[in-house]
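Enquirer:
Number of protein chains: 2
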Amino acid sequence: MTDHEAAAPSDPTGGRPVVPSRGRLRPLGLGEITLGPGFWGRRQETNASATLRHCEEWMERLGWLANFDRVAEGTTGPDRPGWCFSDSEVYKLLEALCWEYGRTGRPEVDEAVRRLTDRVGRAQDDDGYLNTCYGHAGRPPRYGDLETGHELYCTGHLLQAAVARLRTTGPDALVEIARRAADHVCDTFGADGVQGLCGHPEIEAALVELGRALGEERYVEQARIFLERRGHGTLRGDRVPLGSPYFQDDVPVRSAHAWRGHAVRALYLSAAAVDVAAEYDDRELLAAVEGQWEHTVARRTHVTGGMGSRHQDEGFGEDWELPPDRAYCESCAGIASVMVSWRLYLATGDVRYADLIERTFFNVVAAAPSADGRAFFYANPLHQRVAAAGAPDPGAVSPRAESGVRAPWFDVSCCPTNIARTLATWHAYAAGVGEGGLTLLQYATARITADLGGGRVLGVEVETGYPYDGLVTVRVTDPPPGVAVLRMRVPSWAGDAVLEEGGRHRRVEPGLAVVDREFAAGEEIRLRLPMEPRFTWPDPRIDAVRGCVAVERGPLVYCAESVDLPTGVDLDGVLVDTSVPPVERDGRVLVRGLAGAGTDRGGTWPYGGRAEAGDGGAIAAGFTLSPYHQWAERGPTAMRVWLPVASYHLPDSSCPTAFTT
Amino acid sequence: MTDHEAAAPSDPTGGRPVVPSRGRLRPLGLGEITLGPGFWGRRQETNASATLRHCEEWMERLGWLANFDRVAEGTTGPDRPGWCFSDSEVYKLLEALCWEYGRTGRPEVDEAVRRLTDRVGRAQDDDGYLNTCYGHAGRPPRYGDLETGHELYCTGHLLQAAVARLRTTGPDALVEIARRAADHVCDTFGADGVQGLCGHPEIEAALVELGRALGEERYVEQARIFLERRGHGTLRGDRVPLGSPYFQDDVPVRSAHAWRGHAVRALYLSAAAVDVAAEYDDRELLAAVEGQWEHTVARRTHVTGGMGSRHQDEGFGEDWELPPDRAYCESCAGIASVMVSWRLYLATGDVRYADLIERTFFNVVAAAPSADGRAFFYANPLHQRVAAAGAPDPGAVSPRAESGVRAPWFDVSCCPTNIARTLATWHAYAAGVGEGGLTLLQYATARITADLGGGRVLGVEVETGYPYDGLVTVRVTDPPPGVAVLRMRVPSWAGDAVLEEGGRHRRVEPGLAVVDREFAAGEEIRLRLPMEPRFTWPDPRIDAVRGCVAVERGPLVYCAESVDLPTGVDLDGVLVDTSVPPVERDGRVLVRGLAGAGTDRGGTWPYGGRAEAGDGGAIAAGFTLSPYHQWAERGPTAMRVWLPVASYHLPDSSCPTAFTT
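Here it is, written out as structure tokens:
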């Protein structure tokens, strides 16, 4: 097989990251949708023009790419640069490049895929094993540390890259490398093989997807074996500081009631569980993950959609443990959350999963990269108490970006390449096909030509200024013969949405606005979502934000930044007057605030008696809030999403009451 | 010198842990005070009868003691049990035993000292180096990892043990071992030696004290050198995950404005800084530590006196970062905080340091050990969301006690021996001598015979049911000729204290109640401290406890435990009605509460609009609170110190107002 033969796309819809064998909806193919300019279109272009190259350059510079050459040349040794999981960053970049080439067909992207594939392939052992950290001269042996060695995790990302290549371009050298690696994993860890599993889930979802893409049931079965093996103390819990729950080996995934431990691990595992449930029609397993999603979203998720409350283990906390200042909300956990919700949506058609995806896209995934696509947040806290002293050295590796400034690269650099592969496929999450029509889930200017099956096609153009504007116009360009269904998601926060179609205006409730009839070419369907800014109250059991409100507008969470406060006003002392509704101005939001209520009174003990009325000495002022995803774009700032409510602190206001959903 | 010759006490006052060369007060000698039965007397007895033996047995069982034998026998190798700092636990136990023998003269305690001294001494190298982890066959070399190796830290604790022996019994083999070890440190790390320092401060304070006890100025000077060397990036910050601030090597101690990084490290370092300031009359250095104390106590200290807000690095957080659920408040940090405050008190005579000592003793140090002295908390959070599943296996080592149950021993087991040495010397902190008289700082039933100098003695008997009862009776048993001064600390929380003396009752303000006159044998002076339970409001900038109150009574912080709630009431949903004052009942406190306000309404998203009035559905109930130091004594419970205030959540109450000191 020559390279040119391999260049024929294997998926007529243009490829999709996730293609379950069964489910309520089928995902839209990447060939069925093209984003226009707008919020996500711009990010996708920045990803293509800056981030992909940025990632390759950093990995070249740090020697993570040369690690593959050293294996090929037989020059490995104890001085290998990078963590044991650095290979996975190369694979995630490869995956991003493959999707990007599928999206645009730009030859330089294809060249990059071939260049990296070549270097990776030369490092593969004869038996299919491929890892630059283990199993070669001067390196630890293969599979000697399943708990923290990340070998199968790396292999999983290699497989995902191959899936992207296969579905966009067709079988080639990368796919062949992945097939040999997958065979090696099955040979080694099969039902009769080593009874082990990887401390970091990833191989499971990857095996399912490669199995789907290649029609290799053995791979899918191996994923099922790994999944069922987990949760029985198979791994040595004493190898990690916080024991088995850290890597979800304490309770089988089908028995757990909530996500716990390391957030990315928990979410990758659950994504794989939905995949396995789909392939084996395992409804108990699907229901288990749905229950975990429900519990975790209700009690362990930040208002941004961010997951992870603890820095210590990059993990979930207990129910209601949602500190804004120490929120971890790792960028990768946001991506992993989207992965789980997307699979659950495809399996169930329940639009609440798409609601969470939207929230997470706008307030976690979009927050991580800088506008130029060359710096990233690793953690996405909801409160930065002290502004960082300055921007990080653009030429230096950051240990972790926990200081409120985006960094060009990290010591553990999982986020940049994860963001790259996600942005390259953002449009895959925009719509679903099935049940007689097209369902628009995420709003962006785009052209869509959906194959409804049976030779019927529905073509539309979507035009919108979303998320800053609430009008979404769908122009029918290519109606199918006869009746078809167009569904548009009405977000859960959109209480007064209006649908205009067929000359009528009607109010539509959160959920799905449905148009079920014959369509005419050129006709327009308009969804108007209410974009007034709103105060959002937390459940009273979330101790860390008691007495505070957040401000949201459309799908965006807003935040106060120190740079926007009047001179001399400290973010620690700001209160918000919730009796005055917030108003939008130029994409930002104005609230009536009170400053100075918390200024230092010079005491040496911060606990004492109740003050008399009038102690506050507060002055009224207006504050401007910015979309959270933009924070620190103007330089390091102190920042807070949750704003203390004035009526809790000042006696002459009416009392706030309990929150209700 | 024979062992028997060595048994003569070298300090006529019976020894003291800290003896500065200059300062406003001199510490009371341990021979000048004997505790009677009561809160601390009982704990001191439990320490003597149970904890000391418990610690020795565990270290024998785990091989931490045998590590010394293996060095002596030349059988060291790669399989050494215990962390690199396990030697320090042996030394802290030795220190506790030395103080305990000084206190009671029980021969079996002296035997334990000699037994351990003998095993330790055999492991000392010819040049004075003594460490079982480094520098012998099959072990890493000496001083190859100053950042995390803890070698000088271990040596420091050896020196402290020798100080205890020297001041209670006199020079002996242990003192000789320590002298040789100290000489080795000075030879190696002196002004012209290796320009290094230890990643964990401890050697500094130890060198000062051994220098004081032996009159060796060289040791004091070495402490000063270590202190001044720190804060200039001398250690490799990249050897620890969070960099130089973790071990206070980012900013010199005399330039820092607050405590930061690892709490125990920061506090041990500052204790040494006060020691060095005292020896060199370095007022700038003293003022720096006073400023750090002030800033940290005002903004980074929990209401229990506990320090440390982060699990990730066992460290301080930013200003106002005081989460009750993730409060670390390590037991050792409580002890270290007492060490700093005690030195600052001796240097300045400022009674606010004794106030914090009291708070920390009752609500951190007393909370750590179980009533039987055989189990311990490592961390002392102020909120346990979920009760532990059960008590830990009494025969198993706990990784860290973070689950709300006291554990018999830890993997990192710094706390048990630290508590042992602190309880053995608790009475050393009870009073100070100087400026013409005796100052009573901590209240416990005790007999005191204070040497006022110039051949004058003041003898008193203190009788009290403190902290449960507010009456402290001081009976003069041995008045000095002429005028003398008796001072009694009036705690900062005691707004209505009354002093009865000489037939008069007078109100005394927080600070010091002073009686400055001639005393008669048999006369009684009575201090009546107000013991009504009280609500305590937090500074509004402490985000994590906004809208909550704590309940205190006397020096004790109280807490609600799930075991005391009516059946079916969830600790998550409890509110307190602050319009009804709390009342004492049998040493516990009753508050009027409301239950059910936060019960689950089944929503899947915990953020939303403001509820209408009347949504609470709360029912009134009374709740019993227990002293925080007793929590989980009746088995694992959910627990909280900070209780949400009903008027914040229910619209028909008056609004709470801002807090004032």
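So the protein lines, in turn, are chains A and L.
Convert by adding 4 to the 1-based position in the first sequence; the result is the number in the numbering used here.
Convert by adding 4 to the 1-based position in the second sequence; the result is the number in the numbering used here.
We put the beta carbon where it would ideally sit given N, CA and C, even for glycine.
Keep in mind that this is a model prediction, so the values were computed, not measured.
Compare the C-alpha of V390 of chain A against each of A:D130, A:G639 and A:E60 and name the closest.
Expert: Here the question's residue 390 of chain A lines up with position 386 in the first sequence. Out of A:D130, A:G639 and A:E60, A:G639 has the C-alpha closest to the C-alpha of V390 of chain A.
Enquirer: In this structure, does DSSP put I546 of chain L in helix, strand or coil?
Expert: As a first step, residue 546 of chain L must be located in the second sequence, where it is residue number 542. In this structure, I546 of chain L counts as coil in the three-state DSSP scheme.
Enquirer: If you draw a straight line from the alpha carbon of G235 of chain A to that of P85 of chain L, how long is it in whole angstroms?
Expert: Taking the first residue of the first sequence as position 1, residue 235 of chain A is located at position 231. Taking the first residue of the second sequence as position 1, residue 85 of chain L is located at position 81. Straight-line Cα distance between these residues: approximately 29 Å.
Enquirer: Within the continuous alpha helix (DSSP H) that includes L156 of chain A, where are the two ends?
Expert: The count along the first sequence starts at 1 and reaches residue 156 of chain A at position 152. Looking at the DSSP string, the run of the alpha helix (DSSP H) that includes L156 of chain A is E155 to T172.
Enquirer: Helix, strand or coil, according to DSSP, for R614 of chain L in the structure here?
Expert: Residue 614 of chain L sits at position 610 when you count from the first residue of the second sequence. DSSP places R614 of chain L within a strand segment (E or B) once states are collapsed to three.
Enquirer: With a Cβ-Cβ cutoff of 8 Å, do P534 of chain L and A501 of chain L count as a contact?
Expert: For this step, residue 534 of chain L is matched to residue 530 along the second sequence. For this step, residue 501 of chain L is matched to residue 497 along the second sequence. One thing to note: P534 of chain L has its Cβ within 8 Å of the Cβ of A501 of chain L.
Enquirer: When we look at the beta-carbon of R510 of chain L and count the other beta-carbons within 10 Å, is it buried (16 or more) or exposed?
Expert: Taking the first residue of the second sequence as 1, we reach residue 510 of chain L at position 506. Burial call: exposed.
Enquirer: Taking only heavy atoms of the ligand SAH into account, decide whether any of them is closer than 7 Å to the Cβ of P495 of chain L.
Expert: Ligands are entirely absent from the displayed structure, and the ligand SAH is therefore not among its contents.
Enquirer: I'd like to know if G613 of chain L contacts chain A, where contact means its C-beta is closer than 8 Å to some C-beta of that chain.
Expert: Looking up residue 613 of chain L in the second sequence gives position 609. Yes - at least one Cβ of chain A is within 8 Å of the one on G613 of chain L.
Enquirer: Report yes or no: is there a C-beta of chain A within less than 8 Å of the C-beta of W87 of chain L?
Expert: Here residue 87 of chain L is taken as the residue at index 83 of the second sequence, counted from 1. Taking Cβ atoms only, chain A never reaches closer than 8 Å to W87 of chain L, which makes this a no.
Enquirer: What does T669 of chain A reach in chain L if we use C-beta pairs closer than 7 Å?
Expert: Outside the shown range of chain A (5 to 665) lies residue 669 of chain A, about which nothing can therefore be said.
Enquirer: Mind reading off the beta-carbon distance from D547 of chain A to W324 of chain L? Whole number of angstroms is fine, and I expect it under 8 Å.
Expert: The sequence position of residue 547 of chain A within the first sequence is 543, counting from 1. The sequence position of residue 324 of chain L within the second sequence is 320, counting from 1. That pair is no contact at about 15 Å.
Enquirer: Rounded to whole angstroms, what's the CA-CA distance from D359 of chain L to R614 of chain A? Just pull it up for me.
Expert: Here residue 359 of chain L corresponds to residue number 355 of the second sequence, with the count starting at 1. Here residue 614 of chain A corresponds to residue number 610 of the first sequence, with the count starting at 1. Distance between the alpha carbons of D359 of chain L and R614 of chain A: 21 Å.
Enquirer: Mapping DSSP to helix, strand and coil, what is D574 of chain L?
Expert: Walking along the second sequence from the start, residue 574 of chain L turns up at place 570. If DSSP states are grouped into helix, strand and coil, D574 of chain L belongs with coil.
Enquirer: Got a sec: which bits of the segment 323-338 of chain L sit with their beta carbon under 9 Å from any beta carbon on chain A, in order along the chain?
Expert: D323, W324, E325, L326, P327, P328, D329 and R330
Enquirer: Going along the chain, which residues of its own chain have a beta-carbon closer than 8 Å to the beta-carbon of D473 of chain A, five neighbours each way excluded?
Expert: The residue labelled residue 473 of chain A in the question sits at position 469 within the first sequence. Cβ neighbours of D473 of chain A beyond the five flanking positions: M535.
Enquirer: Which residues of chain L have a Cβ atom closer than 8 Å to the Cβ of Q252 of chain A, listed in chain order?
Expert: Translated into the one-based positions of the first sequence, residue 252 of chain A becomes position 248. Going along chain L, no residue has its Cβ under 8 Å from Q252 of chain A, so there is no contact; the nearest lies around 18 Å.
Enquirer: Along chain L, which residues have their Cβ under 8 Å away from the Cβ of D581 of chain A?
Expert: Counting from one through the first sequence, the residue named residue 581 of chain A turns up at place 577. In chain order: nothing, as chain L lies at least about 14 Å away.
Enquirer: Count the other CB atoms within 10 Å of the CB of Q199 of chain L; is the residue buried (16 or more) or exposed (fewer)?
Expert: Start at 1 with the first residue of the second sequence, and residue 199 of chain L comes out as number 195. Under this definition Q199 of chain L is an exposed residue.
Enquirer: Find the nearest neighbour of Y562 of chain A within the set A:G551, A:E60 and A:L594, judged by alpha-carbon distance.
Expert: Along the first sequence, one-based indexing puts residue 562 of chain A at 558. Cα-wise, what sits closest to Y562 of chain A is A:L594.
Enquirer: Hey, does S496 of chain L have any beta-carbon neighbour from chain A nearer than 8 Å?
Expert: In the second sequence, residue 496 of chain L corresponds to position 492, counting from 1. Cβ-Cβ to chain A under 8 Å: yes for S496 of chain L.
Enquirer: Would you report the Cα separation of F380 of chain L and S417 of chain L, rounded to the nearest angstrom?
Expert: Your numbering for residue 380 of chain L matches position 376 in the second sequence. Your numbering for residue 417 of chain L matches position 413 in the second sequence. Near 10 Å, if we compare the C-alpha coordinates of S417 of chain L and F380 of chain L.
Enquirer: Assign A186 of chain A to one of two classes, buried (16 or more other C-beta atoms within 10 Å of its C-beta) or exposed (fewer than that).
Expert: Within the first sequence, residue 186 of chain A is the residue found at index 182, counting from 1. With 16 or more other Cβ atoms within 10 Å, it is buried.
Enquirer: Should G132 of chain L be labelled buried (16 or more other beta-carbon atoms within 10 Å of its own) or exposed?
Expert: Walking along the second sequence from the start, residue 132 of chain L turns up at place 128. When all chains shown are included, G132 of chain L counts as buried.
Enquirer: List the DSSP bridge partners of L647 of chain L.
Expert: By 1-based counting over the second sequence, the position of residue 647 of chain L is 643. L647 of chain L is bridged to L:V553.
Enquirer: How long is the line joining the alpha carbons of H261 of chain A and H299 of chain A, rounded to whole angstroms?
Expert: Within the first sequence, residue 261 of chain A is the residue found at index 257, counting from 1. Within the first sequence, residue 299 of chain A is the residue found at index 295, counting from 1. Spanning the two alpha carbons is a distance of roughly 7 Å.
Enquirer: Would you give the residue range spanned by the beta strand (DSSP E) that C190 of chain L belongs to?
Expert: If you number the second sequence from 1, residue 190 of chain L lands on position 186. C190 of chain L -> not in any beta strand (DSSP E); alpha helix (DSSP H) instead, spanning A177 to F193.
Enquirer: Please go through the same chain and pick out, in chain order, the residues whose beta-carbon is closer than 6 Å to the beta-carbon of P396 of chain A, but skip the five residues on each side of it.
Expert: Position 392 of the first sequence, counted from the first residue, corresponds to residue 396 of chain A. For P396 of chain A, where only same-chain residues beyond five positions count, the Cβ hits under 6 Å are S402, V409 and A411.
Enquirer: Determine the direct distance from the alpha carbon of A166 of chain A to that of A450 of chain A, and round the result to whole angstroms.
Expert: By one-based count along the first sequence, residue 450 of chain A stands at place 446. By one-based count along the first sequence, residue 166 of chain A stands at place 162. Using only the alpha carbons, I get a separation of about 27 Å.
Enquirer: In whole angstroms, give me the CA-to-CA distance for D253 of chain L and L246 of chain L.
Expert: As a first step, residue 253 of chain L is located in the second sequence; it is residue number 249 there, counting from the start. As a first step, residue 246 of chain L is located in the second sequence; it is residue number 242 there, counting from the start. Their backbone Cα atoms lie some 12 Å apart in a straight line.
Enquirer: With DSSP run on the structure shown, which of helix, strand or coil describes M63 of chain L?
Expert: Along the second sequence, one-based indexing puts residue 63 of chain L at 59. Correct three-state label for M63 of chain L: helix.
Enquirer: Ordered along the chain, which non-local residues of its own chain (more than five positions away) have a Cβ less than 7 Å from that of T305 of chain L?
Expert: Along the second sequence, one-based indexing puts residue 305 of chain L at 301. Correct list, in chain order: M311.
Enquirer: Can you tell me the Cβ-Cβ gap for V478 of chain L and L490 of chain L, rounded? I've got them flagged as a contact below 8 Å.
Expert: Here residue 478 of chain L refers to the residue found at position 474 of the second sequence. Here residue 490 of chain L refers to the residue found at position 486 of the second sequence. Yes, V478 of chain L and L490 of chain L are in contact; Cβ-Cβ is about 7 Å, under 8 Å.
Enquirer: Rounded to a whole number of angstroms, what is the C-alpha to C-alpha distance between V113 of chain A and L101 of chain A?
Expert: On the first sequence, position 109 is the one that residue 113 of chain A refers to. On the first sequence, position 97 is the one that residue 101 of chain A refers to. Rounded to whole angstroms, V113 of chain A to L101 of chain A spans 6 Å at the Cα level.
Enquirer: Can you give me the Cβ contacts of R589 of chain A inside the same chain, cut-off strictly under 8 Å, excluding the 5 residues immediately before and after it?
Expert: Start at 1 with the first residue of the first sequence, and residue 589 of chain A comes out as number 585. Closer than 8 Å at the Cβ level, and outside the excluded window around R589 of chain A, lie T628.
Enquirer: Using the beta-carbon of each residue, which ones in chain A are nearer than 7 Å to R143 of chain L?
Expert: Counting from one through the second sequence, the residue named residue 143 of chain L turns up at place 139. At a beta-carbon threshold of 7 Å, none of the residues of chain A lie near R143 of chain L; the nearest stands roughly 20 Å away.
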